[in-house]
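S.K.: Numbering-wise, the sequence shown is residues 1306 to 1500 according to our numbering.
Every residue, glycine too, gets a C-beta built ideally from N, C-alpha and C.
Bear in mind that the values here come from a model prediction, so they are computed numbers and not experimental data.
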Amino acid sequence: MSLEIIGGARSRAFRVLWLAEELGLDYRHLSEAPHSALVSALNPLGQIPILRDDDVVLTDSLAILHYLADRADRFTFPTGTPERALMDARINFVLTELEAPLWMAARHSFVLPEDRRHPEIKPWLKDDFRDAGQRFTRLLDGAQFLAGDTFTIADIVAGHTIGWSIVAKFDPSDELKAYLRHLSDRPAWQRARAD
């Protein structure tokens, strides 16, 4: 298998790099920005990350995480099981509740053309994030991972998102920071971050 992970490590591509390190995969990382010539040639939307696996080209960090985890049968659960459904529900919560305010703030800070930006919404987005963070803490319910004692791709998505919130100055709660510290102690996280 000849794997290429395309996208800057400070983007959602970090999720893919982290899982690749957890799985011990041999891969090549190409740090490309959105809409670069290579990215646009592989993804008509111009978005990263992109995974190239021989002749297979996949986009979207979650689709790539599922693809790699399912192939390895690690950091996930079998499809059709209650455990898989719960993991997917936790991922959906992270994406729709924790990540959504961050992405909206990014769009209104640097993604959208200046004449379409409304940076004045950032305080409300921070409130949304804080409220979602409190609910996220209830999902953890004292467990070390979103699936209890089992580290899964849900934790990769959540860990990346909480890290993003720090960079975006969304001031995550002490509980979210503690969860992120726990995840960032993983050697695979550290190797992916060093990339």
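Measuring alpha carbon to alpha carbon, tell me which residue in Leu1485, Asp1490 and Leu1407 is nearest Ala1473.
M.R.: Within the sequence shown, numbered from 1, the residue matching residue 1473 stands at position 168. Minimum Cα distance to Ala1473 is reached at Leu1407.
S.K.: Taking 8 angstroms as the threshold, find out whether the stretch 1373-1382 comes into contact with the stretch 1442-1462 through three or more Cβ pairs.
M.R.: Yes, they touch.
S.K.: Quick one: using the 10 Å Cβ neighbour count with 16 as the cut-off for buried, is Phe1415 buried or exposed?
M.R.: Within the sequence shown, the letter at position 110 stands for residue 1415. Its Cβ having fewer than 16 others within 10 Å, Phe1415 is exposed.
S.K.: Hey, Leu1308 and Arg1379: beta-carbon distance below 8 angstroms or not?
M.R.: As a first step, residue 1308 is located in the sequence shown; it is residue number 3 there, counting from the start. As a first step, residue 1379 is located in the sequence shown; it is residue number 74 there, counting from the start. Result no, Cβ atoms of Leu1308 and Arg1379 do not sit closer than 8 angstroms.
S.K.: For Ile1355, count neighbouring Cβ atoms within 10 angstroms of its own Cβ and tell me buried if that reaches 16, exposed if not.
M.R.: Within the sequence shown, residue 1355 is the residue found at index 50, counting from 1. Per the 10 Å Cβ criterion, buried.
S.K.: Does the distance from the CB of Gly1313 to the CB of Ala1338 come in under 8 angstroms?
M.R.: Here residue 1313 refers to the residue found at position 8 when the sequence shown is read from its first residue. Here residue 1338 refers to the residue found at position 33 when the sequence shown is read from its first residue. Yes, the Cβ-Cβ distance between Gly1313 and Ala1338 is below 8 angstroms.
S.K.: Give the single residue among His1487, Arg1435 and Gly1453 whose Cα lies nearest to the Cα of Asp1476.
M.R.: Here the question's residue 1476 lines up with position 171 in the sequence shown. Nearest C-alpha to Asp1476: Arg1435.
S.K.: Are the beta-carbon atoms belonging to Ala1497 and Leu1322 less than 8 angstroms from one another?
M.R.: As a working mapping, residue 1497 is identified with position 192 in the sequence shown. As a working mapping, residue 1322 is identified with position 17 in the sequence shown. In this structure, Leu1322 lies closer than 8 angstroms to Ala1497 by Cβ.
S.K.: In angstroms, rounded to a whole number, what distance separates the CA positions of His1340 and Lys1482?
M.R.: Within the sequence shown, numbered from 1, the residue matching residue 1340 stands at position 35. Within the sequence shown, numbered from 1, the residue matching residue 1482 stands at position 177. The straight-line gap from Cα to Cα measures roughly 32 angstroms.
S.K.: Looking at the strands, I want to know which residues DSSP matches up with Glu1388.
M.R.: Taking the first residue of the sequence shown as position 1, residue 1388 is located at position 83. DSSP, once it has assigned bridges, lists no residue as partnering Glu1388.
S.K.: Can the beta-carbon of Arg1389 be found closer than 8 angstroms to that of Thr1381?
M.R.: Counted from its first residue, the sequence shown places residue 1389 at position 84. Counted from its first residue, the sequence shown places residue 1381 at position 76. Yes, the pair counts as a contact, with Cβ atoms nearer than the cut-off.
S.K.: Does Asp1358 come out as helix, strand or coil in the three-state DSSP assignment?
M.R.: What you label residue 1358 is simply residue 53 of the sequence shown in a count that begins at 1. Strand at Asp1358.
S.K.: Are the beta-carbon atoms belonging to Ile1311 and Val1344 less than 8 angstroms from one another?
M.R.: Position 6 of the sequence shown, counted from the start, is the residue given in the question as residue 1311. Position 39 of the sequence shown, counted from the start, is the residue given in the question as residue 1344. Yes, these two residues count as a Cβ contact at 8 angstroms.
S.K.: Count the other C-beta atoms from every protein chain shown that fall within 10 angstroms of the C-beta of Asn1397, then say buried if there are 16 or more, exposed otherwise.
M.R.: Locating residue 1397 in the sequence shown gives position 92, counting from the first residue. That one is exposed.
S.K.: Can you list, in chain order, the residues of its chain with a C-beta nearer than 7 angstroms to that of Gln1352? Leave out the 5 residues immediately preceding and following it.
M.R.: Sequence index remark: in the sequence shown, residue 1352 carries index 47 (1-based). Around Gln1352: Pro1339 and Thr1364.
S.K.: Look at the Cβ atom of Ala1410, then the Cβ atom of Lys1427, and state whether they are nearer than 8 angstroms.
M.R.: Here residue 1410 is taken as the residue at index 105 of the sequence shown, counted from 1. Here residue 1427 is taken as the residue at index 122 of the sequence shown, counted from 1. Yes, Cβ-Cβ distance for Ala1410 and Lys1427 is below 8 angstroms.
S.K.: So, Leu1403 versus Phe1450, is the Cβ gap smaller than 8 angstroms?
M.R.: Sequence index remark: in the sequence shown, residue 1403 carries index 98 (1-based). Sequence index remark: in the sequence shown, residue 1450 carries index 145 (1-based). Not closer than 8 angstroms, so no.
S.K.: Between Pro1349, Asp1359 and Arg1491, which has its C-alpha nearest Arg1333's C-alpha?
M.R.: The residue you call residue 1333 lines up with position 28 of the sequence shown. If we check each option's Cα against that of Arg1333, Asp1359 comes out closest.
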